[in-house]
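Novice:
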Amino acid sequence: MPKPDELIVDIAALVESGKSSRMSLTVVIGGAVITGRLAPESVWRQRVSEVLESSAELSAFSAVFDTPAKKEGPPTHLHFHVARILQGAVGIPETGGMYRVAIEDVSAWTMGDFSYSDH
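Quick note on our numbering: the sequence shown kicks off at 4 and runs consecutively.
#1: Say whether the region 100-111 touches the region 71-81, bearing in mind that this needs 3 or more beta-carbon pairs closer than 8 Å, one atom from each stretch.
#2: Among the residues of its own chain, which have a CB less than 8 Å from the CB of arginine 50, if the five just before and after it don't count?
#3: Would you mind giving the Cβ-Cβ distance between alanine 86 and arginine 48, rounded to the nearest angstrom? I have them listed as a contact below 8 Å.
#4: Under 8 Å between the Cβ atoms of tryptophan 112 and leucine 17?
#5: Tell me the residue span of the beta strand (DSSP E) that contains isoleucine 95.
#6: Quick one: using the 10 Å Cβ neighbour count with 16 as the cut-off for buried, is leucine 89 buried or exposed?
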C-alpha cells in the first residue's frame, strides 16, 4: 500500500477539524483530474443524503449517508463539494458534483481549482 502524501493528509485533517471549508484543490486520480472545494466528511455526507432523499428512485439510499463517519486516525479520503471532473475543455458536471476519493490514490495535486475560459 502506498504511503499517502503527508501534506494532503494535513490539509484533509484541517478541513475535517472544521477550521476551514474554503480549501480548493485539484487532484489527479487514475488519470482523471478532479477540481473543486473540499468539505468535512460530515458536511459531505449530509449533502449527499439530502440529494438522495429528494429523489423518488434513490431515497432509500439516503440513510446510508446519514450515519456518522467512523473517526479513527488521520483522514483517508478527500470529500469534494462543488467539484468537477475535467475532460477536454469542459468540467463534468457543469454545476459541480460531490466526489469522495482515497488520499492514497492521489498521484498529483495542486492548490486551487481549475476552470476554463475563452478569454
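Cβ coordinates follow ideal geometry from the N, Cα and C atoms, glycine included. All of these numbers come straight from a predicted model, not from anything done at the bench.
Specialist: Looking at the atomic coordinates:
#1: Contact holds: three or more Cβ-Cβ distances are below 8 Å.
#2: Here residue 50 corresponds to residue number 47 of the sequence shown, with the count starting at 1. A distance below 8 Å between beta-carbons, with the five flanking residues on each side excluded, links arginine 50 to the following residues of its chain, in chain order: Ala42, His84 and Met101.
#3: Here residue 86 refers to the residue found at position 83 of the sequence shown. Here residue 48 refers to the residue found at position 45 of the sequence shown. Actually they are not in contact, since the Cβ atoms of alanine 86 and arginine 48 sit about 15 Å apart, beyond 8 Å.
#4: If you number the sequence shown from 1, residue 112 lands on position 109. If you number the sequence shown from 1, residue 17 lands on position 14. Contact check for tryptophan 112 against leucine 17 fails: the beta carbons are separated by 8 Å or more.
#5: Numbered from 1 along the sequence shown, position 92 holds the residue referred to as residue 95. That run of the beta strand (DSSP E) goes 93-105.
#6: Here residue 89 refers to the residue found at position 86 when the sequence shown is read from its first residue. So leucine 89 ends up on the buried side.
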